[in-house]
Structure formats: C-alpha cells, structure tokens
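If you number the sequence shown the way the UniProt record's numbering does, the last residue is 388 and the count never jumps.
C-beta: ideal position from N, C-alpha, C; glycine also.
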Amino acid sequence: MVDGTMKKLPEDMRIYILLRLPVKSLTRFKCVTKSWHTLIQSFNFINFHLNRKTTTKDEFILFRRSTKHPDGFSHVLSFLVDHEGRDDLDPICPDIDMPYLTTGFASSTSHQFTGPSNGLILLTDSLNFLLLNPATRSYRLLPPNPFCCPRGFLRLIYGVGFGYDSIQKNYKVIRVSRVYGDPPYNDRSEMSWESEVYNSSTDSWRQLANVDQELPGPYMHPYSELFYKGTFHWYAQGHMRLLLCFDINTEIFRTMQVPKTCAVRDEKCHSLVVFDESLTFICYPDPRRESSPVQETIEIWIMQEYSVNESWIKKYTIRPPPIESPLAIWKDRLLLLQDKSGVLISYDLNLDEVKEFKLHGHPESLRVIVYKESLTSIPIGSTQVEKF
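The structure is reproduced here in structure tokens:
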C-alpha cells in the first residue's frame with residue numbers, strides 16, 4: 001500500500017517525503033523495496049537527511065548515569081525525547097548498560113561524552129573509545145591506543161576530543177596526556193606533553209610530533225571540552241585561564257581567551273556548551289567549596305563572533321539551586337544541570353523556573369548530550385560494528 005501510493009508520486013516528491021521521516025521509519029522502509037534500500041543507504045541521501053532543516057523539536061537526549069552496587073558501579077545509557085512538547089523527557093527504548101567501558105568509578109572524570117559530530121558520539125574512559133550512533137543503535141569499539149607509558153613513568157590523561165575532518169572526510173579522536181618521569185613525579189624537567197590522533201580512514205593511531213611543551217593544561221571538569229567549528233576546545237590553565245584549541249584539519253594547537261573577568265584564578269568551575277549556535281562559556285560555583293553561599297550565581301557568556309576575544313558578552317546571571325555542574329543547553333532555553341544529590345534538573349532561562357526530572361544517579365555521574373538523529377554509518381575498521 002505504501003509502496004503503491006509512493007510510486008504514483010514524482011521521484012523528487014518521494015525523496016522529499018522520505019527526507020522528512022525519522023530514522024526509525026527510514027530504517028523500516030529500507031525493507032520495502034530494493035530501490036528504497038539503495039536510496040536510503042546512499043551517501044547523498046544520508047547527507048541530505050543530516051543537513052535537513054530542523055528545529056529544537058527534533059532534539060534527542062543521550063543520558064548517562066551510574067548506580068552503586070556492592071562490587072562497584074554500573075553505568076547506564078538512556079535514550080530520551082520530549083514526545084508531548086512539555087519539556088519532559090520520555091524514554092525511546094529500555095535503558096542499556098554501557099558496553100566495554102568498565103571503569104569501576106562513578107566520578108566526574110571516569111567517563112566522557114564527546115560530540116555529536118554528524119550524529120555520532122564518542123564515549124570514552126580515556127583508555128577505551130566507543131563510537132556510537134544513538135539513532136541507529138550502532139556502535140564500534142575503536143582499536144586501542146598503542147602508545148604506552150614507558151615503564152617507571154606515569155601518564156595522566158588531560159583531554160580527549162572527537163570530531164569530523166571536513167577536508168580529509170574522516171573522523172578523528174585526539175588524546176592529550178602528560179608523561180611524568182621517575183617517582184615522585186614532580187621534576188618538571190622530566191615532564192612532557194604528548195598527543196595521539198586516531199584517524200577513521202586508516203583505523204589507526206599515530207603520535208603527533210613536536211608537541212609544544214608550553215601548552216596550558218586542560219582541566220578535567222565535567223563539560224569543560226567542546227567540538228565547535230572544526231576545532232576542539234578545552235578549558236585550560238597556564239599563566240592564566242584560557243581555552244586550548246586543536247584544529248582538526250590542520251592538527252595544530254592554539255589558545256583563545258576566555259571572558260576577561262573569568263581569566264583570573266578564582267573559586268569557580270567552568271563549562272563549555274553551544275547556545276544559540278555560539279560558543280558559550282559557563283562560570284559556576286565550585287561544588288567542593290564548603291563555604292560557597294547557597295545562592296551563588298552562575299554566569300553564561302556567549303562569544304558573538306567566533307575567535308574574536310573581544311566579542312564575549314555576558315548573556316545571563318542566574319541563581320539556581322546548589323548544583324554539581326551544568327550539563328547542556330536544550331531547546332535553546334533550558335539549562336540542564338545535575339544537583340549535588342545526582343538528580344537531573346533544568347533551569348528555564350526565559351521563565352526563571354526550575355524543574356526536577358525523575359532521572360537520577362550517583363552524585364557526579366550524570367552526563368547529557370543533545371543530538372539530532374542521523375543515518376550516518378559507523379566507519380568500518382578492524383573491529384566489528386555492533387547493535388544495541
């Protein structure tokens with residue numbers, strides 16, 4: 001019936017209709033005819049679907065939380081959407097356990113979400129790297145980073161990034177670490193910055209040469225990293241606070257200033273998000289400060305013109321309940337936060353209202369990525385693409 005009706009329409013109209021359908025429907029329609037399967041699997045169709053005009057109603061949320069058990073922690077992924085347009089989060093499917101990432105801690109730095117890039121998301125515990133398309137439920141464990149720390153040395157992972165290289169047409173993962181010499185690991189002459197890049201076209205890792213040893217050190221605060229405009233950004237600290245940037249095309253590091261009032265060392269934490277399609281810097285109270293006032297403010301700064309340091313403007317100053325950290329901005333108005341008890345809450349920037357969701361986990365363990373569905377395939381390689 002569906003195929004018969006569609007056959008009566010001009011080909012351009014059929015394609016137009018298909019491009020407006022969600023991934024779940026398109027996956028089902030691939031089974032209707034061989035020609036539909038070929039069309040929906042084609043590079044051009046996937047690209048058109050990825051770049052179709054969308055609104056905040058098309059946003060989905062990938063939510064991670066940890067729960068404590070007698071033998072450690074389990075880590076769970078939830079796939080969520082607002083079905084009714086009431087700023088609620090409804091499950092799309094049953095929760096799943098995170099595969100391969102088995103770090104037995106729930107703390108803020110044990111697992112990271114990075115992305116989305118063309119609908120793909122990287123999950124990592126800094127040692128294992130899992131590439132995921134939450135719309136198609138496809139994932140692949142990337143080959144391990146072969147660059148090991150020399151015996152007797154100590155390696156600390158400071159930053160991880162993931163994004164699409166639009167020039168070389170492939171995906172890259174960047175890992176930034178610092179290697180320390182002999183114990184007690186405090187001799188600065190025995191410290192060195194090292195960086196490795198994974199390339200999806202070769203399915204392999206390589207070490208970057210001549211890494212600047214004067215690089216500022218990235219922070220490992222939750223959501224202190226962001227891929228934006230072909231560049232990965234980490235909140236970092238050198239002689240002052242700034243952004244460490246890595247251009248995914250040229251593979252060159254550089255720095256960029258944060259808002260001047262945030263550049264001095266203070267007792268704040270900082271996050272990076274995208275708000276209104278702009279690079280956004282959030283200053284919030286350090287949750288570890290016992291002396292923090294209950295009503296201490298959060299500042300939200302927007303960079304009006306990318307890479308122009310003078311274009312930072314303060315957009316909001318708000319007073320939400322005490323929080324652990326910001327997580328994301330959803331629908332261009334809802335600031336998603338995790339409170340100190342591990343509950344997901346939102347703060348409406350327009351209405352100055354707080355809402356608590358029925359989603360919670362171990363304190364500090366919540367992670368959120370806002371994404372839009374895509375048909376983008378997981379790049380194939382030496383490891384198998386699997387399905388949830």
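- Setting aside the 5 residues that flank it on each side, residue 149 is surrounded in the same chain by 155 and 179, each with a C-beta closer than 8 Å to its C-beta; the list follows chain order.
- Of the residues assessed, residue 270 falls on the buried side of the cut-off, its CB having 16 or more other CB atoms within 10 angstroms.
- In the three-state scheme derived from DSSP, where H, G and I count as helix and E and B as strand, residue 53 is classed as coil.
- Taking the C-beta atoms as reference points, residue 32 is found no nearer than 9 Å to residue 135.
- Looking from the CA of residue 339, the closest CA among 333, 287 and 279 belongs to 287.
- Listed in chain order, the alpha helix (DSSP H) runs fully inside the stretch 241 to 318 are 260 to 263, counting runs of at least 4 residues.
- Beta-bridge annotation (DSSP): residue 209 is not paired with any residue.
- Assigned with DSSP and collapsed to three states, residue 169 falls in coil, not helix or strand.
- When 42, 69 and 21 are compared, the shortest CA-CA separation from residue 361 is found for 69.
- When secondary structure is reduced to three states using DSSP, residue 191 falls in the strand class.
- Setting aside the 5 residues that flank it on each side, residue 315 is surrounded in the same chain by 300, 301 and 302, each with a C-beta closer than 7 Å to its C-beta; the list follows chain order.
- Taking 3 residues as the shortest admissible run, the stretch 71 to 125 contains the following complete beta strand (DSSP E) segments, listed from N- to C-terminal end: 72 to 81, 112 to 117 and 120 to 124.
- A straight line joining the alpha-carbon of residue 276 with that of residue 151 spans about 47 Å.
- Rounded to whole angstroms, residue 249 and residue 229 show a C-alpha spacing of 11 Å.
- Secondary structure note for residue 41: its alpha helix (DSSP H) is the uninterrupted segment 34 to 41.
- Nearest to residue 52 by C-alpha distance, out of 379, 308, 118 and 36, is 118.
- Residue 296 and residue 323 have their C-alpha atoms some 10 Å from each other.
- Partner residues in a beta bridge of residue 378, as assigned by DSSP, do not exist.
- It is roughly 17 Å from the alpha-carbon of residue 320 to the alpha-carbon of residue 364.
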